[in-house]
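Counting in this note's numbering, the sequence shown runs from 41 upward without gaps.
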Amino acid sequence: MSQSPAAVIVLAAGQGTRMRSSLPKVLHAIGGRSLLGHVLAAGRSLGPDHLAVVVRHDRERVAAHVRELDPAAIVADQDEVPGTGRATQCALAALPADLSGPVVVLAGDVPLLDEATLRGLLAEHAAGNAVTILSTDAPDPTGYGRIVRDGDGQVTGIVEHRDASAAQLEITEINSAVYVFDAAILRSGLARIGTDNAQGELYLTDVIGQARADGGRVAAVRTLDAVVAEGVNDKAQLATLGAELNRRLLGAHMRAGVTIVDPTSVWVDVGVDLAPDCEILPGVQLHGATSVATGARIGPDTTLTDTRVGAGAEVVRSHVLDSRIEAGARVGPYAYLRQRVVVGPGAKIGTFVEAKNTRLDDGAKIPHLSYMGDATIGAGANVGAGSITANYDGVHKHPTVVGPQARAGSNTMFVAPVELGAGAYTGAGTTLREDVPAGALAVSTAGERIIEGWTRSRRPGTPSADAAAAADAADAADTAAAADPALTPPDPH
41 MSQSPAAVIV LAAGQGTRMR SSLPKVLHAI GGRSLLGHVL AAGRSLGPDH
91 LAVVVRHDRE RVAAHVRELD PAAIVADQDE VPGTGRATQC ALAALPADLS
141 GPVVVLAGDV PLLDEATLRG LLAEHAAGNA VTILSTDAPD PTGYGRIVRD
191 GDGQVTGIVE HRDASAAQLE ITEINSAVYV FDAAILRSGL ARIGTDNAQG
241 ELYLTDVIGQ ARADGGRVAA VRTLDAVVAE GVNDKAQLAT LGAELNRRLL
291 GAHMRAGVTI VDPTSVWVDV GVDLAPDCEI LPGVQLHGAT SVATGARIGP
341 DTTLTDTRVG AGAEVVRSHV LDSRIEAGAR VGPYAYLRQR VVVGPGAKIG
391 TFVEAKNTRL DDGAKIPHLS YMGDATIGAG ANVGAGSITA NYDGVHKHPT
441 VVGPQARAGS NTMFVAPVEL GAGAYTGAGT TLREDVPAGA LAVSTAGERI
491 IEGWTRSRRP GTPSADAAAA ADAADAADTA AAADPALTPP DPH
């Protein structure tokens, strides 16, 4: 195990103009986590004594995000002096003045960087290096800083693309903007850098040349997995790295025993937990802190966010948010569960059902075409098609309780607060405004009333009135023909 660093510094002050977005670059997300969130997770995995994040562009939004993800992190403000060197100076100023030991510096837009890669970098640094750089070979190194080596292969420095000579531009080994510095060497080097470059910035990379000139050993560790060192500069790269992260996540899940029928159509976030022998069908998206237990089957065409699915449960062509689906339960197809829905063991929410803040106890069923909000459906109860809870009075939400083994007939309207007692029934089309005792039958239907001519008198000039008039005229002609045989057309046969 490599030494834990004295500090990790994350550089997140840039605007990211090539993203063409009002959202700061480091707040764009892949795999359910912001770019900055991925880097913070990698940095924190090293167990540093201190972790500092440098912010500037859209400072309040980025700083708030840092505090949300990692409340122990130090937020350091970069002033108007540009450059990665200045950003690192500002971070050091926020850290203890007597800081000693290795300091890891990370760019805030390298989302696939992982603990293993950083541990390897720290292990190499512990061999006595003043500076250790993570590098990789790029087929097209345009835009990246080049690793410059001497005739013996030793690193002499890093030259930025805009400052590189023609010969240096031919170098394919690039800087990933991931470093380990000795704290004293970093502090000394930053005090001596200047802005004599094409950008007029304070470059952190200039510290490397100084360390070498001072007799320190500089090493570059090439990673063969170039993607872990790749940063995001525009939305095309964001999508490319997002797809690669998803591919790696799915690969890890499948190697752990998860069945994923079509990995090209399934997307999972980094926080998703999938148990061995669960099955994920095509067209599935799993977001946030979703977990799926052994034997459960998800999909096809299903989205789950922050949802827990129990063993042997099934969710088909549905959208579920912040809910719990217990063992053996079934949801869908075409169900919408909108926060705080609990589908108990063996319970069912069926086709075209929407629910919110509702609990179904063991074996309860809402098979189709219903809305249940702020409701409790007792064990074994059945809610018929077209039933609705009228749970909102314009100010407050009110509860509906359907007792165990109750039966609500089709098109029951529950005007909350209201309770249908255990084993009670409602007739089709019933509107419940009062509680129904256990074992009772509630019926609120009235006799049918027909008002002749209503459309033509109350909606004159409308297409409906015209159609009614035409139908009346046709009926009158038929009546007249029946009364006068002379008006009846002869039988052609």
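Every residue, glycine too, gets a C-beta built ideally from N, C-alpha and C.
If you're wondering where the values come from, they're calculated on a predicted model, not measured in any experiment.
When the five nearest sequence neighbours on each side are left out, the beta carbons in the same chain lying within less than 7 Å of the beta carbon of residue 300 are those of 290, 293, 294, 306, 320, in order along the chain.
Per DSSP, residue 378 lies in no alpha helix (DSSP H) segment; the continuous beta strand (DSSP E) that holds it begins and ends at 376-378. Under the DSSP assignment, residue 68 falls outside any beta strand (DSSP E); it carries neither an H nor an E label.
Here residue 90 is bridged, per DSSP, to 47. If you draw a straight line from the Cα of residue 74 to the Cα of residue 146, it comes to about 15 Å.
A Cβ-Cβ distance of about 6 Å is found for the pair residue 44 and residue 86, placing them in contact under the 8 Å criterion. Residue 134 and residue 315 have their C-alpha atoms spaced approximately 43 Å apart. Taking a C-beta distance under 9 Å as the contact criterion, residue 426 and residue 451 qualify as a contact pair. In this chain, the alpha helix (DSSP H) harbouring residue 277 covers 275-295. The three-state secondary structure of residue 100, taken from DSSP, is helix. When C-beta atoms of the region 461-471 are compared with those of the region 491-500, fewer than three pairs fall below 8 Å, so the two segments do not count as touching.
Sorting 489, 490, 475 by C-alpha distance to the C-alpha of residue 483 places 475 at the top. Approximately 6 Å separates the beta-carbon atoms of residue 372 and residue 355; this is inside 8 Å, confirming the contact. For the pair residue 97 and residue 77, the CB atoms are not nearer than the 9 Å cut-off.
The C-alpha of residue 101 lies about 28 Å from the C-alpha of residue 183. Here the region 165-179 lies against the region 214-222, with 3 or more beta-carbon pairs under 8 Å apart. Leaving aside the five residues that flank residue 398 on each side, the residues in its chain whose CB is nearer than 6 Å to its CB run, in chain order, 381, 412, 415.
Remark: C-beta atoms of residue 195 and residue 233 do not approach each other more closely than 9 Å. Around residue 480, the same chain offers 461, 464 as residues with beta carbons nearer than 7 Å, after the five sequence neighbours per side are excluded. Pairing residue 228 with residue 242, the inter-Cα distance amounts to about 14 Å.
Taking every protein chain shown into account, the CB of residue 428 has 16 or more other CB atoms within 10 angstroms, so this residue is buried. Per the C-alpha coordinates, the member of 334, 359, 327, 250 positioned closest to residue 340 is 359. Beyond the five residues adjoining it in sequence on each side, residue 394 comes within less than 6 Å, by CB distance, of 376, 411 in the same chain, given in chain order.
Look at residue 202 here: in three-state DSSP terms it is helix. Rounded to the nearest angstrom, the gap between the Cα atoms of residue 275 and residue 445 is 54 Å. DSSP, reduced to helix, strand and coil, places residue 325 within a strand of the structure shown.
Scanning 65, 82, 259, 72 for the CA closest to the CA of residue 99 turns up 65. The region 137-152 makes no contact with the region 106-121; the number of CB pairs closer than 8 Å stays below 3. If you draw a 10 Å sphere on the C-beta of residue 131, you find 16 or more other C-beta atoms in it, and that means buried. One thing to note: residue 151 has its Cβ no nearer than 9 Å to the Cβ of residue 261.
Following the DSSP letters along the chain, one finds residue 155 inside the alpha helix (DSSP H) bounded by residues 155-165. Beyond the five residues adjoining it in sequence on each side, residue 211 comes within less than 6 Å, by CB distance, of 186 in the same chain, given in chain order.
Secondary structure note for residue 78: its alpha helix (DSSP H) is the uninterrupted segment 75-84.
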